[in-house]
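Residue numbers (the numbering used here), protein chains in the order written: chain A, 5 to 138; chain B, 5 to 138.
Cβ atoms here follow ideal geometry from the backbone N, Cα and C, with glycine treated the same way.
Here the structure comes first, spelled out in structure tokens, and everything after it is commentary.
Number of protein chains: 2
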Amino acid sequence: MTTSVRAGTARDLADTGLSEPDYEVLSTLVERPGTTSTLHEQAAKMGWSRSRLSRHASRMEARGLIARAPDPADGRGCLLSLTAAGRAALRDATPTHLESVRRRFADRLDADDLRDLLRIAGKLDDGDTSPVSG
Amino acid sequence: MTTSVRAGTARDLADTGLSEPDYEVLSTLVERPGTTSTLHEQAAKMGWSRSRLSRHASRMEARGLIARAPDPADGRGCLLSLTAAGRAALRDATPTHLESVRRRFADRLDADDLRDLLRIAGKLDDGDTSPVSG
DNA sequence: CCTAGAATGATGACATGTCAACGACTTCGC
DNA sequence: GCGAAGTCGTTGACATGTCATCATTCTAGG
């Protein structure tokens, strides 16, 4: 079911020229002061590995959606920031995406559904990540 | 939540040397007469694209888990079949995988949870796959 | 028989993601 | 200050998946 919903929203997003990871990066970055963030912080905020974000940032940088700059406060770090093109792409995609999510997800569930879903999610996400011992 | 459960079962499976796609292919193939199937049929049965299965079959073939042979009944087709190694890998992985799924999923949900989850899944999977129009 | 069109599986070009390094840099304890 | 240890972002090597396209081969209609 997750698959079905995601496939739908991803398809809708694709029409705007952004993938879901693109959208996540842009929408998380735009919430930052100066629409700028350290790669590390950004990755942490998104729950991504630094490696993953570094790779995706490279692709998005090549497409002109974001820019990289050295972090003046930490010689190891780099700052990611939205470009004008990135801001524009996000602005174009947001209404479509929100509408898509609403139509494919939110509108289909009532309050009971959401409550049950959260309850179940809580049980499944819970606790141990250790492998099967036997 | 799906992500969390899948990550866990994938990790458990990895300990047996198989990925989740590997396991899917092997477990679907073993149900076939002669543990053999056309790539096309196999893909349809699994809900995969031919392309995807072709690619994955190549990787699994390289690892000796399955074998390809020309289809005597259709010059375009090819037959995928389990090798002894593939059968052994599946035999080794199955108990671990079932235990893993049970522990990470089934054991955590009661009858009500399952009922609710199916109800919600039904609503989300439902119907239209068309893009957002406006 | 013969040809137009459909189906099959493979593949090039990419997008996405993981993991284990690595070099550069910072920090901590002394 | 200085060296050990940790952190940062990047990268090579791969696994996985998509899409469009291709050569083959099959099939249906004449």
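Contact with chain A by Arg108 of chain B, beta-carbon distance below 9 Å: Stepping through the second sequence from its first residue, residue 108 of chain B is reached at position 104. Yes, Arg108 of chain B lies at the interface with chain A (some Cβ there is under 9 Å from its Cβ).
Cutoff 9 Å: Asp78 of chain B Cβ touching any chain A Cβ: Counted from its first residue, the second sequence places residue 78 of chain B at position 74. Taking Cβ atoms only, chain A never reaches closer than 9 Å to Asp78 of chain B, which makes this a no.
Inter-residue Cα distance where the pair is Arg10 of chain A and Thr40 of chain A: What you label residue 10 of chain A is simply residue 6 of the first sequence in a count that begins at 1. What you label residue 40 of chain A is simply residue 36 of the first sequence in a count that begins at 1. Rounded to whole angstroms, Arg10 of chain A to Thr40 of chain A spans 28 Å at the Cα level.
Selection from A:Asp114, A:Arg91, A:Glu103, A:Ser62 that minimises the alpha carbon distance to Leu17 of chain A: Here residue 17 of chain A is taken as the residue at index 13 of the first sequence, counted from 1. The option with the nearest alpha carbon to Leu17 of chain A is A:Glu103.
Gly90 of chain B, buried or exposed, once every other Cβ within 10 Å from all chains shown has been counted against 16: Looking up residue 90 of chain B in the second sequence gives position 86. Burial call: buried.
Start-to-end residues for the beta strand (DSSP E) that takes in Thr98 of chain B: Your numbering for residue 98 of chain B matches position 94 in the second sequence. Counting along the chain, Thr98 of chain B falls outside any beta strand (DSSP E), though it belongs to the alpha helix (DSSP H) covering 88 to 108.
Within 9 Å, strictly: CB atoms of Leu84 of chain A and Arg72 of chain A: What you label residue 84 of chain A is simply residue 80 of the first sequence in a count that begins at 1. What you label residue 72 of chain A is simply residue 68 of the first sequence in a count that begins at 1. Going by C-beta atoms, Leu84 of chain A is nearer than 9 Å to Arg72 of chain A.
First and last residue of the uninterrupted beta strand (DSSP E) at Thr42 of chain B: Looking up residue 42 of chain B in the second sequence gives position 38. Taken as a continuous stretch (DSSP letters only), the beta strand (DSSP E) holding Thr42 of chain B covers 40 to 42.
Contact belief for Gly143 of chain A with Arg108 of chain A at Cβ below 8 Å, rounded distance in angstroms: Nothing about residue 143 of chain A can be read from this structure; chain A reaches only from 5 to 138.
Distance CB(Ala47 of chain B)-CB(Arg56 of chain B) smaller than 9 Å: In the second sequence, the residue the question calls residue 47 of chain B occupies position 43. In the second sequence, the residue the question calls residue 56 of chain B occupies position 52. In contact: Ala47 of chain B and Arg56 of chain B (Cβ atoms closer than 9 Å).
Interface residues of chain A facing Val9 of chain B [CB-CB closer than 7 Å]: Taking the second sequence and counting its residues from 1, one reaches residue 9 of chain B at position 5. Within 7 Å Cβ-Cβ: Leu128.
Residue-chain proximity (Asp26 of chain B, chain A), Cβ-Cβ < 9 Å: Reading the second sequence from its first residue, position 22 is the one you call residue 26 of chain B. Chain A contact via Cβ: absent.
Nearest neighbour of Leu128 of chain B, chosen from A:Gly51, A:Leu118, A:Leu128 [CA to CA]: Locating residue 128 of chain B in the second sequence gives position 124, counting from the first residue. Selected option, being the one with the closest Cα: A:Leu118.
Cutoff 8 Å; reference Leu113 of chain B; Cβ partners in own chain excluding five residues on either side: Indexing the second sequence from 1 puts residue 113 of chain B at position 109. Leu121.
Same chain, Cβ closer than 7 Å to Thr32 of chain A, five either side skipped, listed in chain order: Here residue 32 of chain A corresponds to residue number 28 of the first sequence, with the count starting at 1. Gln46, Lys49, Met50, listed in sequence order.
Coarse secondary structure for Leu83 of chain A, derived from DSSP in three states: Against the first sequence, residue 83 of chain A aligns to sequence position 79. Residue state, collapsed to three classes: strand.
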